[in-house]
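Residue numbers for the sequence shown follow the numbering used here, beginning at 142 and rising by one. Just so you know, even glycine gets a beta-carbon here, dropped at the ideal spot from N, CA and C. In what follows, a structure is listed as C-alpha coordinates, so that the remarks can point back to it.
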Amino acid sequence: MKLNISFPATGCQKLIEVDDERKLRTFYEKRMATEVAADPLGDEWKGYMVRISGGNDKQGFPMKQGVLTHGRVRLLLAKGHSCYRPRRTGERKRKSVRGCIVDANLSVLNLVIIKKGEKDIPGLTDSTVPRRLGPKRASKIRKLFNLAKEDDVRQYVVRRPLTKEGKKPRTKAPRIQRLVTPRVLQHKRRRIALKKQRTQKNKEEASEYAKLLAKRMKEAKEKRQEQIAKRRRLSSLRASTSKI
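Okay, here's the thing in C-alpha coordinates:
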(Lines of atoms letter the chains of each structure in order from A and count residues from 1; the text may use other names and numbers.)
(Lines give C-alpha, C1' and ligand atoms only; values in the text may rest on other atoms or scores of the structure.)
Protein backbone atom coordinates (compact mmCIF):
# COMPACT_ATOMS: atom_id res chain seq x y z
CA MET A 1 0.00 0.00 0.00
CA LYS A 2 1.16 3.54 -0.75
CA LEU A 3 0.93 6.26 1.87
CA ASN A 4 0.46 9.79 0.52
CA ILE A 5 1.59 11.96 3.45
CA SER A 6 1.32 15.76 3.51
CA PHE A 7 2.53 18.35 6.01
CA PRO A 8 0.49 21.60 5.74
CA ALA A 9 3.02 23.60 7.79
CA THR A 10 5.68 23.29 5.06
CA GLY A 11 3.46 22.61 2.05
CA CYS A 12 5.38 19.40 1.28
CA GLN A 13 3.95 16.06 0.23
CA LYS A 14 5.60 12.65 0.00
CA LEU A 15 4.51 9.27 -1.35
CA ILE A 16 6.01 6.24 0.37
CA GLU A 17 5.34 2.57 -0.31
CA VAL A 18 4.88 0.26 2.67
CA ASP A 19 4.80 -3.51 2.10
CA ASP A 20 5.00 -4.62 5.74
CA GLU A 21 1.50 -5.59 6.85
CA ARG A 22 2.41 -5.10 10.52
CA LYS A 23 3.17 -1.41 9.92
CA LEU A 24 -0.12 -0.90 8.11
CA ARG A 25 -2.19 -2.74 10.70
CA THR A 26 -2.35 0.39 12.87
CA PHE A 27 -4.53 2.07 10.19
CA TYR A 28 -6.90 -0.86 9.58
CA GLU A 29 -10.50 -0.56 10.82
CA LYS A 30 -10.01 3.19 11.34
CA ARG A 31 -12.39 5.70 9.80
CA MET A 32 -11.63 8.87 7.86
CA ALA A 33 -10.73 11.88 10.05
CA THR A 34 -9.36 9.56 12.76
CA GLU A 35 -6.06 10.65 14.35
CA VAL A 36 -3.50 7.84 14.51
CA ALA A 37 0.03 7.63 15.97
CA ALA A 38 2.57 7.02 13.19
CA ASP A 39 5.15 5.30 15.44
CA PRO A 40 4.72 1.81 13.84
CA LEU A 41 5.96 3.15 10.47
CA GLY A 42 9.54 3.35 11.77
CA ASP A 43 11.91 5.01 14.22
CA GLU A 44 11.99 8.28 12.24
CA TRP A 45 8.20 8.57 12.70
CA LYS A 46 8.36 8.48 16.50
CA GLY A 47 6.11 11.13 18.04
CA TYR A 48 4.26 11.91 14.81
CA MET A 49 0.45 12.04 14.73
CA VAL A 50 -1.41 11.76 11.42
CA ARG A 51 -5.03 12.15 10.39
CA ILE A 52 -6.62 9.87 7.79
CA SER A 53 -7.98 12.19 5.09
CA GLY A 54 -9.02 9.69 2.41
CA GLY A 55 -7.75 7.16 -0.08
CA ASN A 56 -8.45 5.09 -3.19
CA ASP A 57 -8.99 1.37 -3.62
CA LYS A 58 -7.18 -0.79 -6.18
CA GLN A 59 -9.73 0.03 -8.88
CA GLY A 60 -9.37 3.79 -8.26
CA PHE A 61 -12.66 4.47 -6.47
CA PRO A 62 -12.32 7.16 -3.76
CA MET A 63 -13.26 6.88 -0.09
CA LYS A 64 -16.28 8.94 0.93
CA GLN A 65 -16.78 10.28 4.43
CA GLY A 66 -19.94 9.03 6.16
CA VAL A 67 -20.27 5.74 4.25
CA LEU A 68 -19.69 3.26 7.10
CA THR A 69 -18.56 0.20 5.16
CA HIS A 70 -15.42 -1.48 3.82
CA GLY A 71 -16.67 -2.08 0.30
CA ARG A 72 -18.14 -0.06 -2.53
CA VAL A 73 -21.66 1.32 -2.74
CA ARG A 74 -23.52 3.20 -5.48
CA LEU A 75 -24.91 6.51 -4.25
CA LEU A 76 -27.02 9.15 -5.97
CA LEU A 77 -24.78 12.22 -5.80
CA ALA A 78 -25.60 15.86 -6.53
CA LYS A 79 -23.87 19.23 -6.42
CA GLY A 80 -22.01 19.77 -3.14
CA HIS A 81 -21.28 16.09 -2.52
CA SER A 82 -17.71 14.86 -2.45
CA CYS A 83 -16.47 12.41 -5.12
CA TYR A 84 -18.69 14.04 -7.76
CA ARG A 85 -18.58 17.13 -10.00
CA PRO A 86 -21.85 17.89 -11.84
CA ARG A 87 -21.57 18.95 -15.47
CA ARG A 88 -25.03 20.49 -15.76
CA THR A 89 -27.28 22.53 -13.45
CA GLY A 90 -29.34 20.30 -11.19
CA GLU A 91 -27.72 17.13 -12.47
CA ARG A 92 -27.58 14.07 -10.22
CA LYS A 93 -25.78 10.84 -10.96
CA ARG A 94 -25.40 7.44 -9.32
CA LYS A 95 -21.68 6.88 -8.72
CA SER A 96 -19.62 4.11 -7.13
CA VAL A 97 -17.74 5.22 -4.02
CA ARG A 98 -15.84 3.34 -1.36
CA GLY A 99 -16.68 3.37 2.34
CA CYS A 100 -14.74 5.45 4.86
CA ILE A 101 -13.26 2.48 6.79
CA VAL A 102 -9.64 1.54 6.02
CA ASP A 103 -8.72 -2.04 5.13
CA ALA A 104 -6.15 -3.95 3.06
CA ASN A 105 -7.95 -3.41 -0.27
CA LEU A 106 -6.74 0.19 -0.58
CA SER A 107 -3.96 1.09 -3.00
CA VAL A 108 -3.34 4.61 -1.63
CA LEU A 109 -4.07 6.05 1.82
CA ASN A 110 -3.94 9.83 2.27
CA LEU A 111 -2.54 11.07 5.60
CA VAL A 112 -2.03 14.58 7.01
CA ILE A 113 0.57 15.26 9.71
CA ILE A 114 -1.07 17.09 12.62
CA LYS A 115 1.78 16.76 15.12
CA LYS A 116 5.48 16.72 14.31
CA GLY A 117 7.74 14.22 16.05
CA GLU A 118 11.34 14.34 17.25
CA LYS A 119 13.13 13.74 13.92
CA ASP A 120 12.77 15.38 10.53
CA ILE A 121 11.47 13.37 7.57
CA PRO A 122 13.55 14.08 4.42
CA GLY A 123 11.46 15.78 1.74
CA LEU A 124 8.55 16.36 4.10
CA THR A 125 9.49 18.37 7.18
CA ASP A 126 13.03 19.55 6.37
CA SER A 127 12.11 21.85 3.44
CA THR A 128 9.43 24.44 2.72
CA VAL A 129 7.45 24.92 -0.47
CA PRO A 130 6.31 28.56 -0.81
CA ARG A 131 2.68 29.28 -1.53
CA ARG A 132 2.13 29.66 -5.25
CA LEU A 133 -0.96 31.82 -4.81
CA GLY A 134 -1.33 34.04 -1.75
CA PRO A 135 -4.42 35.96 -0.64
CA LYS A 136 -5.72 38.68 -2.95
CA ARG A 137 -7.97 40.70 -0.64
CA ALA A 138 -6.28 43.46 1.38
CA SER A 139 -7.84 42.44 4.71
CA LYS A 140 -6.75 38.81 4.23
CA ILE A 141 -3.16 39.89 3.43
CA ARG A 142 -3.18 41.92 6.68
CA LYS A 143 -4.45 38.90 8.59
CA LEU A 144 -1.83 36.56 7.06
CA PHE A 145 1.13 38.82 7.90
CA ASN A 146 -0.41 40.32 11.09
CA LEU A 147 -0.11 43.89 9.76
CA ALA A 148 -1.24 47.09 11.42
CA LYS A 149 -3.57 49.61 9.79
CA GLU A 150 -0.67 51.92 8.90
CA ASP A 151 1.36 49.23 7.06
CA ASP A 152 1.40 49.22 3.26
CA VAL A 153 -0.29 46.02 2.09
CA ARG A 154 1.29 46.28 -1.38
CA GLN A 155 4.72 45.47 0.03
CA TYR A 156 3.52 42.12 1.44
CA VAL A 157 1.65 40.64 -1.53
CA VAL A 158 2.86 37.13 -2.49
CA ARG A 159 4.83 37.39 -5.75
CA ARG A 160 5.43 34.50 -8.13
CA PRO A 161 8.70 34.32 -10.14
CA LEU A 162 8.40 33.85 -13.90
CA THR A 163 11.45 32.59 -15.76
CA LYS A 164 11.71 32.14 -19.52
CA GLU A 165 14.72 31.20 -21.57
CA GLY A 166 16.43 34.20 -23.11
CA LYS A 167 14.25 36.66 -21.20
CA LYS A 168 14.83 38.74 -18.12
CA PRO A 169 13.37 37.09 -14.97
CA ARG A 170 10.35 38.86 -13.56
CA THR A 171 7.69 38.34 -10.90
CA LYS A 172 3.93 38.27 -11.09
CA ALA A 173 1.55 39.40 -8.34
CA PRO A 174 -2.25 39.57 -8.08
CA ARG A 175 -4.12 42.85 -8.20
CA ILE A 176 -5.09 43.64 -4.60
CA GLN A 177 -8.83 43.91 -4.07
CA ARG A 178 -10.56 46.25 -1.57
CA LEU A 179 -7.39 48.30 -1.22
CA VAL A 180 -8.11 51.62 0.50
CA THR A 181 -6.15 54.31 -1.41
CA PRO A 182 -6.42 58.14 -1.32
CA ARG A 183 -8.38 57.96 -4.58
CA VAL A 184 -10.90 55.53 -3.05
CA LEU A 185 -11.33 57.82 -0.04
CA GLN A 186 -11.77 60.81 -2.38
CA HIS A 187 -14.50 58.97 -4.30
CA LYS A 188 -16.17 58.05 -1.01
CA ARG A 189 -16.09 61.69 0.17
CA ARG A 190 -17.56 62.79 -3.17
CA ARG A 191 -20.37 60.23 -2.92
CA ILE A 192 -21.21 61.39 0.62
CA ALA A 193 -21.10 65.06 -0.46
CA LEU A 194 -23.41 64.38 -3.43
CA LYS A 195 -25.78 62.50 -1.14
CA LYS A 196 -25.85 65.45 1.30
CA GLN A 197 -26.46 67.86 -1.59
CA ARG A 198 -29.37 65.75 -2.83
CA THR A 199 -30.84 65.62 0.68
CA GLN A 200 -30.52 69.39 1.09
CA LYS A 201 -32.01 70.02 -2.36
CA ASN A 202 -34.96 67.71 -1.62
CA LYS A 203 -35.58 69.52 1.70
CA GLU A 204 -35.53 72.94 0.00
CA GLU A 205 -37.82 71.78 -2.81
CA ALA A 206 -40.19 70.20 -0.27
CA SER A 207 -40.36 73.43 1.77
CA GLU A 208 -40.95 75.50 -1.40
CA TYR A 209 -43.67 73.10 -2.49
CA ALA A 210 -45.29 73.28 0.96
CA LYS A 211 -45.28 77.12 0.80
CA LEU A 212 -46.73 77.10 -2.72
CA LEU A 213 -49.38 74.56 -1.72
CA ALA A 214 -50.35 76.65 1.33
CA LYS A 215 -50.58 79.76 -0.88
CA ARG A 216 -52.76 77.97 -3.46
CA MET A 217 -55.01 76.54 -0.73
CA LYS A 218 -55.37 80.00 0.83
CA GLU A 219 -56.27 81.52 -2.54
CA ALA A 220 -58.77 78.72 -3.22
CA LYS A 221 -60.33 79.22 0.23
CA GLU A 222 -60.65 82.98 -0.27
CA LYS A 223 -62.19 82.45 -3.72
CA ARG A 224 -64.66 79.93 -2.33
CA GLN A 225 -65.64 82.31 0.51
CA GLU A 226 -66.17 85.12 -2.05
CA GLN A 227 -68.42 82.85 -4.12
CA ILE A 228 -70.43 81.87 -1.03
CA ALA A 229 -70.79 85.51 -0.02
CA LYS A 230 -71.87 86.44 -3.56
CA ARG A 231 -74.49 83.67 -3.62
CA ARG A 232 -75.83 84.82 -0.25
CA ARG A 233 -76.14 88.40 -1.48
CA LEU A 234 -77.97 87.26 -4.61
CA SER A 235 -80.32 85.02 -2.63
CA SER A 236 -81.11 87.79 -0.14
CA LEU A 237 -81.71 90.21 -3.05
CA ARG A 238 -84.10 87.76 -4.73
CA ALA A 239 -85.92 87.23 -1.43
CA SER A 240 -86.41 90.98 -0.94
CA THR A 241 -87.70 91.49 -4.52
CA SER A 242 -90.18 88.64 -4.17
CA LYS A 243 -91.68 90.22 -1.02
CA ILE A 244 -92.28 93.47 -2.87
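| Asked | Found |
| --- | --- |
| With 16 other Cβ atoms within 10 Å as the buried cut-off, status of A355 | exposed |
| Reduced DSSP category for V118 - H, G, I as helix; E, B as strand; rest coil | This structure gives no information on residue 118, because the portion of the chain shown stretches from 142 to 385. |
| P302 (DSSP reduced to helix, strand or coil) | strand |
| Nearest candidate by alpha-carbon position, reference Y189, set S223, V249 and K256 | K256 |
| Three-state class that DSSP yields for K284 in the structure shown | helix |
| Rounded C-alpha distance that separates V249 from T151 | 22 Å |
| Unbroken beta strand (DSSP E) run spanning K199, endpoints | Counting along the chain, K199 falls outside any beta strand (DSSP E), and DSSP gives it neither H nor E. |
| Candidates V177, R172 and K155, of which the one nearest K164 by Cα | V177 |
| Pair within 7 Å by beta-carbon distance, I146 and M173 | no |
| Buried versus exposed, by CB contacts within 10 Å (16 or more), M142 | buried |
| Member of G307, L285 and K305 whose CA lies at the smallest distance from the CA of Y297 | L285 |
| contact_flag[the segment 235-245, the segment 270-286] where n(CB pairs < 8 Å) is 3 or more | no |
| For A370, the three-state DSSP class (helix, strand or coil) | helix |
| Burial state of Y225 (16 or more Cβ within 10 Å) | buried |
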